[in-house]
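Colleague: Structure incoming, see below.
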Amino acid sequence: MDFGFCLSPSSHVKMDDIDLTTFNRLKDANPDINTCIACGSCTATCTAGNFTEMSFRRILLMLQRGKEEEAKKMIQRCMLCGKCTLVCPRGINIRKILLDITR
Amino acid sequence: MNSQIFHPFVLPFVLGMAFVLTYCFVGLFKVILQLPKDDRRQFLRSLVTPKTAWANIRDLFGDCLFHVKIWKRNPLLGYMHSAIAFGWFMIIVIGHVMLFTLKPLEGVEVEGFARTFTNFYYPIFFKYFAEETPVFAFLMDFFLLMIISGILIAVAKKIHSKIVGVKRVTKFGFADNMIRFALWTIFPFRLIAEKTNIMAFWWLYSFDLLIFMFMLPFTRYMHIPTEALFILMRHAGLNAREPRKGYALAQLYSCPSCGLCIDACPMSVNDKMSGNTSAYFMKKLRNKDSEEAKRIAETCLMCGKCVMICPVSIESCDIKFSQRAAVPYEIHSDHSYLDVISTEAERSGEISSTKPKTLYFAGCMTQLTPKIMRAMQQIMESAGEEYDFLDKDGGICCGRPMLLSGKVAEAQAMIAKNTELIKKSGATKLVLSCPICYKVFKDEYHLEGVEIQHHTQYINELVKNGKLKVKKADVNYVYHDPCELGRAYGVYDEPREAIENVGNLLKAKSEKELSICCGGSLGSFNLTQKERDEITSNSVADLMFNNPDEIVTACPLCLKTFARKSPVPVKDIAELFVVHQA
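Heads up: the sequence lines are chains L and P, in that order. My numbering numbers the first residue of the first sequence as 96 and each following residue consecutively. My numbering numbers the first residue of the second sequence as -2 and each following residue consecutively.
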């Protein structure tokens, strides 16, 4: 039955059902991911983020939520300039993580 | 003297020599065939071009025979290497001269193949088969003793490397240690054999030669034959395109693992990190340990100091770069959004409407250190320059970080966009604050009619022209040479000249081409913050050698990095010219 409107699809993520192999592999290779406090400094300074929706903080979040495809799409915008790594208050080697995701 | 023309003890030597010659010739053809077609043509043409041919002859004598670069590094080290290598070369040459001048085989019934065959081993075992004249005997003994003196220094170096000015030496495996032992014993055995004529020592001498020559292709001593080929290829202006092929392969085999790069490397602040130096990279790559080679290539800061200091002039950074480029990526960058930016920028844009002569590109790193940007703005305004910003509210990356990760095609997208923007601006001068940008603009951009200047050069020019008035203060500065400005482009004098206008310039412990990377380099992917901090502390200590009041650098990244560890204020050169304006 068409009411002329519908509910938007749920963005609910069932943590039990998602496949976290990529994220776990990434985490094993770069344990400093665990220290991220999601402050968003990386996003605030991002050169590509100035022109696009690119945000490392969100990429990390997407991977944690198993939304691999979206993360991989966003990462294509990166210019690898390294500003995110320089401003990270936790000293996370973000550039290395970005490269690891694309490999 | 023994009245015979053959003795079985020459066989081990002949066998070893035949093996090594075969290996070298096969290797030579392999390397030349692996070169891309254009490179091969360029290489062959360079051999007959007078200019490169002369450079070839000069370096073949200077590097392969006289080891000039090692002498310059440390005279005792130079003597050690020359005594062994040049001494050995001379006894081989004199052996041949004796064979052809003394004619020991005249009147002996040997013909055809047997005669040719004797030529092969006679010079090496001359004393056993024929009598030397007193002059030749003296020369042979002289050079043999010279070699032995070199070996004595080498043994002393093994025990205590600091006597030749070397702090860290390369750690070798079994094969390298064994061939070194063989090399050390060849000459004492020869001396004893010649003086006593005991058969056992002639056998030992010959067997040592066999071991040396049989192991040569699999150890660092392969640099002896390969360096000659490498010199020819280097002068032909080739580029290492693939990490283990053609020109790069010639370089891998030319590396003598001497370890001079270990002390030079900024990462050698502790034993663990000194394993990331070029000497080990070349060894791992040659031994096909591709995982380790990949790791080291991606850990390197790409500061270029090892290339500068290398006595063989091996371009290890280029090989590391080709190693990075060889790593496959699953996800490729998509920078199509750059097209949209340009149109928007143009529409809103100051860029194409006014046409100032000078265009200032701050670059990503300067965006993170806005005080440099503000200082530059003030300087340009005080000097009355007509200028415009290319990236006032954040521009496009210059492409060097992308290039450093080996993604050449992706970097080209950014380079093309920036080129388009600069060309449209109609500027005749491009001023950059960041040496990282400076290098890529110089190397990869084709901006005909646009003069590219780093802000150190630009400021120095403004002061010289009298456009920027400054007064000298009694402050002691020390200047840190950024890698990509100094070693890459030799911009050493302009910043120093400029600083002397506003203060006293002290010397750092390591300066100019020996300057130590700040540790913040974008060249490295793998180094952790802790490891970088160690490098930075070491570099700061080097700059603080003469107790300056302030550290001055010309790179926003160095500035940020040093600020973490420096006991004194760290400033960009542009800031000085705001503070000390008249």
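Note that CB positions come from ideal geometry on N, CA and C, so glycine has one too. Here the structure is a predicted model, which is why all the values come from computation and not from measurement.
Excluding the five sequence neighbours on either side, which residues of its own chain have a C-beta within less than 6 Å of the C-beta of P:L554, listed in chain order?
Modeller: Mapped onto the second sequence, residue 554 of chain P falls at position 557. Cβ within range, chain order: M362, G517.
Colleague: Show which residues of chain P have a CB atom less than 7 Å away from the CB atom of L:L181.
Modeller: Mapped onto the first sequence, residue 181 of chain L falls at position 86. Near L:L181 (Cβ distances below 7 Å), the residues of chain P are L365, K557.
Colleague: For P:T340, does the three-state DSSP call read helix, strand or coil?
Modeller: Working through the second sequence from its first residue, we reach residue 340 of chain P at position 343. Because P:T340 sits at a pLDDT of 48, beneath the cut-off of 50, its placement in the model cannot be relied upon, and the following sentence gives the value as read from the coordinates. Three-state DSSP puts P:T340 in a helix.
Colleague: When you compare only the Cα positions, how much space is there between P:G234 and P:E191?
Modeller: Sequence index remark: in the second sequence, residue 234 of chain P carries index 237 (1-based). Sequence index remark: in the second sequence, residue 191 of chain P carries index 194 (1-based). So the alpha carbons of these two residues sit roughly 46 Å apart.
Colleague: Could you check what DSSP says for P:D478 in three-state terms: helix, strand or coil?
Modeller: Residue mapping note: residue 478 of chain P aligns to position 481 of the second sequence, counting from 1. It is coil, neither helix nor strand.
Colleague: Which chain A residues are close to L:C176, counting only those with a beta carbon under 7 Å from its beta carbon?
Modeller: Of the chains in the structure shown, none is chain A; the protein chains are L and P.
Colleague: Am I right that P:V549 and P:L511 are in contact with their C-beta atoms under 8 Å? What's the rounded C-beta distance?
Modeller: Within the second sequence, numbered from 1, the residue matching residue 549 of chain P stands at position 552. Within the second sequence, numbered from 1, the residue matching residue 511 of chain P stands at position 514. Their Cβ separation, rounded to whole angstroms, is 18 Å, which puts P:V549 and P:L511 out of contact at 8 Å.
Colleague: Looking only at its chain, what residues have a beta carbon closer than 8 Å to the beta carbon of P:L249, apart from the 5 residues adjacent to it on each side?
Modeller: Along the second sequence, one-based indexing puts residue 249 of chain P at 252. Answer for P:L249: R241, M279, L282, R283, I316, listed in chain order.
Colleague: Count Cβ pairs between the segment 158 to 174 of chain L and the segment 314 to 334 of chain P that sit closer than 8 Å; are there 3 or more?
Modeller: These segments touch.
Colleague: If I measure Cβ to Cβ from P:E341 and keep anything under 6 Å in the same chain, skipping five residues before and after, which residues do I get?
Modeller: Residue numbering aside, residue 341 of chain P sits at position 344 when the second sequence is read from its first letter. Residue placement at P:E341 is flagged as unreliable, the pLDDT there being 47, under the threshold of 50; the coordinate-derived value follows with that caveat. Closer than 6 Å at Cβ, skipping near neighbours: no residue.
Colleague: Going along chain P in order, which residues have a C-beta closer than 8 Å to the C-beta of L:L156?
Modeller: Start at 1 with the first residue of the first sequence, and residue 156 of chain L comes out as number 61. Per Cβ cutoff of 8 Å: no residues; L:L156 is ~18 Å from chain P at best.
Colleague: Is L:L194 close to chain P? Criterion is C-beta to C-beta, closer than 8 Å.
Modeller: The count along the first sequence starts at 1 and reaches residue 194 of chain L at position 99. Closer than 8 Å: yes.
Colleague: Alpha carbon to alpha carbon, how far is P:K269 from P:E128? Give it in angstroms, no decimals.
Modeller: In the second sequence, residue 128 of chain P corresponds to position 131, counting from 1. In the second sequence, residue 269 of chain P corresponds to position 272, counting from 1. Taking the straight line from one Cα to the other gives about 55 Å.
Colleague: If you follow the beta strand (DSSP E) that P:Y384 is part of, which residue opens it and which one closes it?
Modeller: Indexing the second sequence from 1 puts residue 384 of chain P at position 387. First-last of the beta strand (DSSP E) with P:Y384: 384 to 386.
Colleague: Kindly list, in the order they appear in chain L, the residues whose Cβ is closer than 7 Å to that of P:I328.
Modeller: Position 331 of the second sequence holds residue 328 of chain P. Per Cβ cutoff of 7 Å: K167, I170, Q171, T197.
Colleague: Going along the segment 511 to 524 of chain P in order, which residues come within less than 8 Å of chain L, judged by CB to CB distance?
Modeller: For the segment 511 to 524 of chain P, which is checked against every Cβ of chain L, the residues closer than 8 Å are G517, L519, F522, N523, L524.
Colleague: So, with DSSP's three-state summary, where would you put P:F40?
Modeller: Against the second sequence, residue 40 of chain P aligns to sequence position 43. Helix.
Colleague: Which chain P residues sit within Cβ distance under 7 Å of L:G186?
Modeller: Along the first sequence, one-based indexing puts residue 186 of chain L at 91. Result: Q526.
Colleague: When you compare the CB of P:S313 with every CB in chain L, is at least one pair closer than 8 Å?
Modeller: The residue labelled residue 313 of chain P in the question sits at position 316 within the second sequence. Not one chain L Cβ lies under 8 Å of P:S313.
Colleague: Return the residue from the list P:M210, P:D539, P:S158 that minimises the CA-CA distance to P:A15.
Modeller: The residue given as residue 15 of chain P occupies position 18 in the second sequence. Measuring from the Cα of P:A15, the nearest candidate turns out to be P:M210.
Colleague: Using Cβ-Cβ distances below 7 Å, what residues of the segment 449 to 473 of chain P are close to chain L?
Modeller: Flagged: no residues at all.
Colleague: Would you say L:F190 reaches chain P, if we count a Cβ-Cβ gap shorter than 8 Å as a contact?
Modeller: In the first sequence, the residue the question calls residue 190 of chain L occupies position 95. Here residue 190 of chain L is Arg; the residue named in the question, Phe, does not match the sequence. So, interface residue.
Colleague: Is it the case that the Cβ atoms of P:K414 and P:I433 are separated by a distance below 8 Å?
Modeller: Against the second sequence, residue 414 of chain P aligns to sequence position 417. Against the second sequence, residue 433 of chain P aligns to sequence position 436. Cβ distance not < 8 Å, so P:K414 and P:I433 don't count as in contact.
Colleague: Pick from P:D336, P:L246, P:M411: whose alpha carbon is nearest that of P:F26?
Modeller: For the purposes of this step, residue 26 of chain P is identified with residue 29 of the second sequence, where counting begins at 1. Comparing Cα-Cα distances from P:F26 to each of P:D336, P:L246, P:M411, the minimum goes to P:L246.
Colleague: Alpha carbon to alpha carbon, what distance is there between P:C258 and P:S349?
Modeller: Here residue 349 of chain P is taken as the residue at index 352 of the second sequence, counted from 1. Here residue 258 of chain P is taken as the residue at index 261 of the second sequence, counted from 1. In this predicted model, P:S349 has a pLDDT of only 49, less than 50, meaning its place in the structure is not dependable; the value taken from the coordinates is given anyway. Computed Cα separation, rounded: 48 Å.
Colleague: If we cut at 8 Å on Cβ distances, does P:S563 have a partner in chain L?
Modeller: Counting from one through the second sequence, the residue named residue 563 of chain P turns up at place 566. It does not: the Cβ of P:S563 has no partner Cβ on chain L nearer than 8 Å.
Colleague: Just reading off the beta strand (DSSP E) that P:D569 is part of, what are its end residues?
Modeller: Along the second sequence, read from residue 1 onward, the residue named residue 569 of chain P stands at position 572. Taken as a continuous stretch (DSSP letters only), the beta strand (DSSP E) holding P:D569 covers 567 to 569.
Colleague: Within its chain, find whatever has a CB closer than 6 Å to the CB of P:K69; leave out the 5 residues flanking it on each side and keep chain order.
Modeller: Locating residue 69 of chain P in the second sequence gives position 72, counting from the first residue. Same-chain partners within the cutoff: there are none.
Colleague: Do you know whose CA, among P:G84, P:N498, P:K466, lies nearest P:A579's CA?
Modeller: Working through the second sequence from its first residue, we reach residue 579 of chain P at position 582. Out of P:G84, P:N498, P:K466, P:K466 has the C-alpha closest to the C-alpha of P:A579.
Colleague: Using a beta-carbon distance below 8 Å, is P:S402 in contact with chain L?
Modeller: As a position in the second sequence, residue 402 of chain P is number 405, starting the count at 1. It does: the Cβ of P:S402 has a partner Cβ on chain L nearer than 8 Å.
Colleague: Leaving aside the five residues before and after P:D504 along the sequence, list all residues of the same chain whose C-beta is less than 8 Å from its C-beta, in chain order.
Modeller: As a working mapping, residue 504 of chain P is identified with position 507 in the second sequence. The residue you asked about is not Asp; residue 504 of chain P is Lys in the sequence shown. Same-chain partners within the cutoff: V475, F542, N543.
Colleague: List the residues of chain P whose Cβ lies closer than 7 Å to the Cβ of L:T140, in chain order.
Modeller: The residue labelled residue 140 of chain L in the question sits at position 45 within the first sequence. The answer, in chain order, is L365.
Colleague: Just confirm the distance between the C-beta atoms of P:A495 and P:T453, as a whole number of angstroms; I'd bet it's less than 8 Å.
Modeller: The residue labelled residue 495 of chain P in the question sits at position 498 within the second sequence. The residue labelled residue 453 of chain P in the question sits at position 456 within the second sequence. That pair is a contact at about 6 Å.
Colleague: What's the call for P:Q1, buried or exposed, on a 16-neighbour Cβ count within 10 Å?
Modeller: Along the second sequence, read from residue 1 onward, the residue named residue 1 of chain P stands at position 4. P:Q1 should be labelled exposed.
Colleague: Does P:D336 have its Cβ less than 8 Å from a Cβ in chain L?
Modeller: To locate residue 336 of chain P, count along the second sequence from 1; it is residue 339. No, because no Cβ of chain L sits closer than 8 Å to the Cβ of P:D336.
Colleague: Given that a residue counts as buried once 16 or more other Cβ atoms are within 10 Å of its Cβ, and exposed if not, what is P:Y125?
Modeller: As a position in the second sequence, residue 125 of chain P is number 128, starting the count at 1. It counts as buried.
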